[in-house]
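Right, one structure below, let's go through it.
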Amino acid sequence: PSSSAVTSQSTSTLSNNDTGQEHPPRHSRTMSDADYLKQSSQLGNLARPQVAILDFGSQYSHLIARRVRELHVYCELYSCLVTAEELGKHELTAVILSGGPNSVYEEGAPHVSPDVWKLIEERGVPVLGICYGMQELAHTFGGKVAPGQKREYGKASVSRVEGCNSPLFDGLPEEFVMWMSHGDKLHEVPAGFEKVAGTSNADFVAMENLKTRMWGLQFHPEVTHSPRGKDILKNFVVKIAKAKQDWVMTDYANEFIEEVRAKVGPTGHVIGAVSGGVDSTVAAVLMTKAIGDRFHAVLVDNGCLRKDEATNVLKRMRGDCGVNLRCVDAKDRFLGLLKGVTDPEKKRKIIGGTFIDIFQEESAKIVEECGKC
């Protein structure tokens with residue numbers, strides 16, 4: 375079998391709801407380069423114009439992509455550390471900078487590379503920065519970002535500046551409610567930018583530079599607690615960036631299936647770890663549609679699952695969805711290693727390491743059963 379694998383791990387910390395009620399980000403935590411690189415989840419379509427979302431580790435990054443796709447606009451999610459070479463392969467309609475848990479002024483904080491900014495300038499691509507993304511715009515172009523007197527987490531009333539005719543707020547009233555989740559804030563806009571909105575807690579919660587076609591928002595328009603947030607995103611993606619509303623998720627499913635068939639070939643096999651959650655189930659079903667039983671799904675029962683969860687996953691994925699799934703009963707092995715361990719971090723490492731060992735063991739068994747391909 376090939377060494378390819380579909381994993382069940384999500385690259386986002388977004389919870390099952392999209393309300394914005396996850397725990398506030400910890401601004402003191404700095405993610406490593408490796409962490410950010412894991413955020414990338416490109417769909418891999420070079421032919422279709424796209425909105426590129428650069429992910430700085432926000433709990434809402436995948437929700438931004440969802441909102442754009444709900445507009446029937448094609449978008450892809452990249453690591454914020456994506457290179458200009460990689461991004462330049464695509465026809466960019468717009469770039470959106472996500473939020474993130476860090477402070478832009480701290481050592482080790484992630485930043486868009488100078489070459490990517492050069493690419494954006496050369497192509498005249500419009501940019502929207504959200505939360506950390508706005509602060510990244512300000513930091514990059516000479517504004518001042520610093521801690522606020524108090525963190526802001528929850529709904530806030532946003533007021534447009536008097537006479538504001540920003541295209542980003544087209545159709546919105548003078549005041550509207552948006553969801554805030556930040557500790558730092560903008561204290562001074564960069565040269566060339568104008569303040570377009572503020573709140574009682576922050577003077578600058580929206581800014582724009584019409585000449586360079588750049589906009590920044592301190593709030594999160596992508597969550598459902600921002601009632602007019604979808605209108606703002608539509609104004610940016612459709613009205614400002616002129617993105618075509620001609621894409622549906624079904625197109626991606628079909629494109630993915632054809633891409634898998636081309637990569638794996640007529641005789642290759644693929645091994646994938648599944649949990650039975652939404653992400654891995656969708657991936658497993660698509661892989662099965664692409665190559666049938668040559669996709670080998672592996673579910674590891676570590677003894678920490680919910681009651682009857684392994685049985686239910688087997689019934690749903692194998693019985694209802696027709697996935698070639700095997701379940702490894704490793705409860706005793708995991709629980710034996712965890713016995714007497716009280717430190718959460720040690721538990722996490724034991725579970726993660728043991729899972730990898732078991733998955734590799736099962737992979738070797740599948741290779742032996744199927745032969746070299």
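Numbering (our numbering), first residue to last: 375 to 747.
Quick reminder that beta carbons are idealized off the backbone N, C-alpha and C, glycines included.
Proximity below 8 Å, CB of residue i to CB of residue j
{"i": "M554", "j": "A571", "result": "no"}
{"i": "V687", "j": "F729", "result": "no"}
{"i": "G445", "j": "K616", "result": "First, the amino acid is wrong: residue 445 is Leu here, not Gly. Against a cut-off of 8 Å, the Cβ pair of K616 and L445 comes out as no contact."}
{"i": "L711", "j": "I724", "result": "yes"}
{"i": "G545", "j": "D489", "result": "no"}
{"i": "T655", "j": "M623", "result": "no"}
{"i": "G557", "j": "G522", "result": "yes"}
{"i": "L542", "j": "F610", "result": "yes"}
Simplified DSSP assignment, three categories, for residue i
{"i": "L560", "result": "strand"}
{"i": "Q433", "result": "coil"}
{"i": "Y479", "result": "coil"}
{"i": "H599", "result": "coil"}
{"i": "F578", "result": "strand"}
{"i": "N676", "result": "coil"}
{"i": "R587", "result": "coil"}
{"i": "S737", "result": "helix"}
{"i": "V638", "result": "helix"}
{"i": "Q424", "result": "strand"}
{"i": "K613", "result": "helix"}
Whole-angstrom distance between residue j and residue i, CA atom to CA atom
{"i": "S435", "j": "I427", "result": "8 Å"}
{"i": "I665", "j": "C449", "result": "26 Å"}
{"i": "V741", "j": "I645", "result": "9 Å"}
{"i": "H561", "j": "Q509", "result": "10 Å"}
{"i": "H513", "j": "V697", "result": "49 Å"}
{"i": "A658", "j": "D694", "result": "12 Å"}
{"i": "S737", "j": "V715", "result": "29 Å"}
Beta-carbon contacts of residue i that lie in its chain and below 7 Å, excluding the five residues immediately before and after
{"i": "V469", "result": "A426, L428, I494, V499, V501"}
{"i": "E460", "result": "none"}
8 Å Cβ shell around residue i - same chain, five flanking residues per side excluded
{"i": "R403", "result": "Note that R403 scores 42 on pLDDT, short of 50, meaning its location in the model is unreliable; the coordinates nonetheless yield the value given after this. The answer, listed in chain order, is P475, N476."}
{"i": "A565", "result": "F515, G516"}
{"i": "L660", "result": "A627, F630, I631, V634"}
{"i": "Q424", "result": "Y448, C449, E450, H464, E465, L466, T467"}
Residue i, buried or exposed, once every other Cβ within 10 Å from all chains shown has been counted against 16
{"i": "S574", "result": "exposed"}
{"i": "E595", "result": "The amino acid occupying residue 595 in the given sequence is Pro; Glu does not appear at that position. It counts as buried."}
{"i": "E735", "result": "exposed"}
{"i": "Q619", "result": "exposed"}
{"i": "R441", "result": "buried"}
{"i": "R534", "result": "buried"}
Residues near residue i in its chain [Cβ-Cβ closer than 6 Å; skip 5 each side]
{"i": "C751", "result": "Shown here, the chain extends from 375 to 747; a query on residue 751 therefore has no answer."}
{"i": "G677", "result": "K705, F708, L709"}
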